[in-house]
Amino acid sequence: MPSNVDTNAPSGARTYDYLLGGSHNFAADRIMADQVEGAVPGIRAAARINRAFLARAVRFMIGEGVRQFLDIGSGIPTVGNVHEIAQQANSSCRVVYVDRDPIAVAHSELMLAGNEHAGMVEADMREPATILEHPVTRRLLDFDEPIGLLFLLVLHWIPDEDDIAGLVATYRETLSPGSYLTITHMTDDMQADKIDAVAGIVRGNRGAGQVHPRTRAQITALFGDFDLVPPGVVPTGTWRPGGIGDIAEDPEMNELSFAGIARR
Numbered sequence: 155m156p157s158n159v160d161t162n163a164p165s166g167a168r169t170y171d172y173l174l175g176g177s178h179n180f181a182a183d184r185i186m187a188d189q190v191e192g193a194v195p196g197i198r199a200a201a202r203i204n205r206a207f208l209a210r211a212v213r214f215m216i217g218e219g220v221r222q223f224l225d226i227g228s229g230i231p232t233v234g235n236v237h238e239i240a241q242q243a244n245s246s247c248r249v250v251y252v253d254r255d256p257i258a259v260a261h262s263e264l265m266l267a268g269n270e271h272a273g274m275v276e277a278d279m280r281e282p283a284t285i286l287e288h289p290v291t292r293r294l295l296d297f298d299e300p301i302g303l304l305f306l307l308v309l310h311w312i313p314d315e316d317d318i319a320g321l322v323a324t325y326r327e328t329l330s331p332g333s334y335l336t337i338t339h340m341t342d343d344m345q346a347d348k349i350d351a352v353a354g355i356v357r358g359n360r361g362a363g364q365v366h367p368r369t370r371a372q373i374t375a376l377f378g379d380f381d382l383v384p385p386g387v388v389p390t391g392t393w394r395p396g397g398i399g400d401i402a403e404d405p406e407m408n409e410l411s412f413a414g415i416a417r418r
C-alpha cells in the first residue's frame, strides 16, 4: 500500500469503488458509503448507471472517430474501464487516466503494466498544467487530433471558489476541433433532500473533499461554446440508454446526476 494513504479518512474514489462492489477500500470508506446508502437507499444503482454511461459515452465517441481519451478523476479500476472499452473497439486507441488518490494510482498502474497505449498520471485535476504537460500525457496524446475528455462524477468535488468554470475552460481550450467533452455531475435540481443528506454525511466524515451539487444550468455552462450532442444535459440514465441496465429501476436514482457530451 502507498505510504501516503490516510486509511482513517474516506476518499471519494474508494467510496465509489465500494458502492460499485469493489474491494480496494478501507473501513472509513465503507462506513461513509453505508451511511450514504442508509440515507439514500438505491445509491448503488446511481453509481452503476454512471458507470454504464461511461461505456456508452466512450463507444459514442469512438463512433465519431475519436481514438484518444483523457479520463480525469478516473478512480479505482473496476469493470469496464475506458481503455478496455476503447481498445476492444479499436486496438489503436490511447488512454491517459488521471487521479490524485494513491490507491487509485497504484491499482491503475498495476492494471496498465504492459499496455503501451494507456498510462496513469498522479495529479490533482485543479492543476491542468501538471496534467497536460506530464510526460505520460505527452507521450500518449496528440492534442492536434480529437480527444475525448471525461469528467465523470468528479467536478462536484470542486467548490465555486476554486473557479470551476475557469478550470474546465482551460481544459476545453486545449482540445482540437472534433474533440468531445463528457461530464456527469451531481445535482440537487430534482432530489434535493437526498443530495443534501449525501453532502451532510460527507461533511460529517471529514473526507478529503466536500460535495458541491450544481443545477442543470450551471452544469450546462461548463460545456462553454461546445455543441451539445442530443439529448443534451439530461439525467444520467436517460442519456441514450441502450438497455435496462443503463437506467435505475427507481426513477429517483436517475435524477441524482446529470450527464452530457459536447463537441468542439
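Take the sequence shown: its position 21, counted from the start at 1, is 175 in my numbering, and no numbers get skipped.
Backbone N, C-alpha and C define an ideal beta-carbon position, used for all residues, glycine too.
If you draw a straight line from the alpha carbon of residue 161 to that of residue 168, how long is it in whole angstroms?
10 angstroms
Which residues does DSSP list as the beta-bridge partners of residue 339?
412
Complete alpha helix (DSSP H) runs within the region 370 to 396 (minimum length 4 residues, chain order):
370 to 375
Answer yes if the region 201 to 216 comes into contact with the region 393 to 402, meaning at least three C-beta pairs across the two stretches below 8 angstroms, and no otherwise.
yes
With DSSP as the reference, identify every bridge partner of residue 407, one or two as the case may be.
In DSSP, residue 407 forms no bridge with anything.
Pull up the distance between the alpha-carbon of residue 271 and that of residue 294, whole angstroms please.
7 angstroms
Helix, strand or coil at residue 252 according to DSSP, with G and I counted as helix
strand
Buried versus exposed call for residue 371 [16 or more other C-beta atoms within 10 Å across all chains shown]:
exposed
Using a 10 Å radius around the Cβ and a threshold of 16 neighbouring Cβ atoms, would you call residue 225 buried or exposed?
buried
Are the beta-carbon atoms belonging to residue 414 and residue 337 less than 7 angstroms from one another?
yes
Residue 334 to residue 214 span [Cα, whole Å]:
10 angstroms
Starting from the C-beta of residue 351, find all residues in its chain whose C-beta is less than 7 angstroms away, skip the five residues before and the five after it, and write them out in chain order.
193, 194
Verify whether the separation of the beta carbon atoms of residue 198 and residue 331 is less than 7 angstroms.
no
What separation, rounded to the nearest whole angstrom, lies between the Cα atoms of residue 379 and residue 416?
9 angstroms
Inter-stretch contact (C-beta, 8 angstroms, three-pair minimum) for the region 340 to 347 and the region 237 to 257:
no
Any chance you could list the beta strand (DSSP E) runs of at least 3 consecutive residues sitting entirely within the region 161 to 227, in chain order?
222 to 226
Tell me, please, which residues DSSP counts as bridged to residue 303.
224, 335
Classify residue 408: buried if its beta carbon has 16 or more other beta carbons within 10 angstroms, exposed otherwise.
buried
Residue(s) in a DSSP beta bridge with residue 417:
334, 381
In angstroms, rounded to a whole number, what distance separates the CA positions of residue 376 and residue 387?
11 angstroms
Inter-residue spacing [alpha-carbon to alpha-carbon] between residue 306 and residue 227:
7 angstroms
Report the rounded CA-to-CA distance for residue 368 versus residue 188, giving the unit in angstroms.
24 angstroms
Which residue marks the beginning of the alpha helix (DSSP H) containing residue 327, and which one marks its end?
318 to 327
Between which two residues does the beta strand (DSSP E) harbouring residue 290 extend?
Where residue 290 is concerned, there is no enclosing beta strand (DSSP E), although the alpha helix (DSSP H) it sits in stretches over 289 to 294.
Buried or exposed by the 16-neighbour rule on C-beta atoms within 10 Å, applied to residue 179:
buried
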